[in-house]
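Asks: One structure, pasted below without further comment.
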Amino acid sequence: MSGEERQVTEQQNVSLNSPSGLQQAEEENVKSCWVCFATEADDRLAAWVQPCKCIGTTKWVHQSCLQRWVDEKQRGNITRKVLCPQCKAEYIVVFPSMGAFVALLDAMEEITHKICPFIAGGVLLGSIYWIAITYGAVTVMQSVNYGDPFPLLHLTSSLHRRHLSIRPPLPL
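In the UniProt record's numbering, the protein residues as written are 1 to 172.
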């Protein structure tokens, strides 16, 4: 053993034998989640993972906390890369395979998401067009006195034509 190796070994032994060295070694052995800050003593049944190259207190994290944190970072875009905030290592996320039914539902949702604005715009424009045509037809029929434009509304005797002819004046 060379002099340098012996010196490093002696320093390691001294650091482990000293109170501060023991405390540091114990702190490294205590698992603490860097997402929720819970320790192993707080939740003994939780699954712990070491997802990256981090060391020390940021080495361990609950599996459920990491999954929730990755979901928040991806914001619904599963193709977005997620990196460790400390060591910048990329987390490789493997999703379970989807069945054919789920893939079909996803495709239908994407198509619906793209088509719905056009359908809503078409319904709106169609409604405006229908209102304009109906208003114009009723106005023309009343202007030229072409029959009764409201035959169904005159079924009751209490309604008179004067009550139904309230409309904005037309410039002629």
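Every residue, glycine too, gets a C-beta built ideally from N, C-alpha and C.
1. Can you find at least 3 beta carbon pairs, one from the stretch 34-50 and one from the stretch 63-71, that sit closer than 8 Å?
2. Quick one: measure Cβ to Cβ for residue 60 and residue 32, integer angstroms, because I've assumed they're closer than 8 Å.
3. Roughly how many angstroms separate the alpha carbons of residue 58 and residue 34, rounded to a whole number?
4. Given residue 87, which residues of its chain have a CB within under 6 Å of its CB, disregarding the five upstream and five downstream residues?
5. Along the chain, where does the alpha helix (DSSP H) containing residue 103 start, and where does it finish?
6. Hey, would you say residue 70 sits closer than 7 Å to residue 82, going by beta carbons?
7. Looking at the unbroken alpha helix (DSSP H) that takes in residue 54, where does it start and where does it end?
8. According to DSSP, which residues form a beta bridge with residue 79?
9. Helix or strand or just coil, what does DSSP make of residue 40?
Replies: Concretely, from the data shown:
1. Yes, the stretch 34-50 touches the stretch 63-71.
2. Residue mapping note: residue 60 aligns to position 60 of the sequence shown, counting from 1. Residue mapping note: residue 32 aligns to position 32 of the sequence shown, counting from 1. Rounded to whole angstroms, the Cβ separation of residue 60 and residue 32 is 6 Å, and the two are in contact under 8 Å.
3. By 1-based counting over the sequence shown, the position of residue 58 is 58. By 1-based counting over the sequence shown, the position of residue 34 is 34. So the two alpha carbons sit approximately 6 Å from each other.
4. As a working mapping, residue 87 is identified with position 87 in the sequence shown. Result list for residue 87: 52, 53 and 54, in chain order.
5. As a position in the sequence shown, residue 103 is number 103, starting the count at 1. Residue 103 -> alpha helix (DSSP H) spans 100-143.
6. Residue 70 sits at position 70 when you count from the first residue of the sequence shown. Residue 82 sits at position 82 when you count from the first residue of the sequence shown. Result yes, Cβ atoms of residue 70 and residue 82 sit closer than 7 Å.
7. Within the sequence shown, numbered from 1, the residue matching residue 54 stands at position 54. Note, residue 54: premise wrong, no alpha helix (DSSP H); not H, not E.
8. Working through the sequence shown from its first residue, we reach residue 79 at position 79. As DSSP reads the structure, residue 79 sits in no beta bridge.
9. Residue mapping note: residue 40 aligns to position 40 of the sequence shown, counting from 1. Coil at residue 40, not helix or strand.
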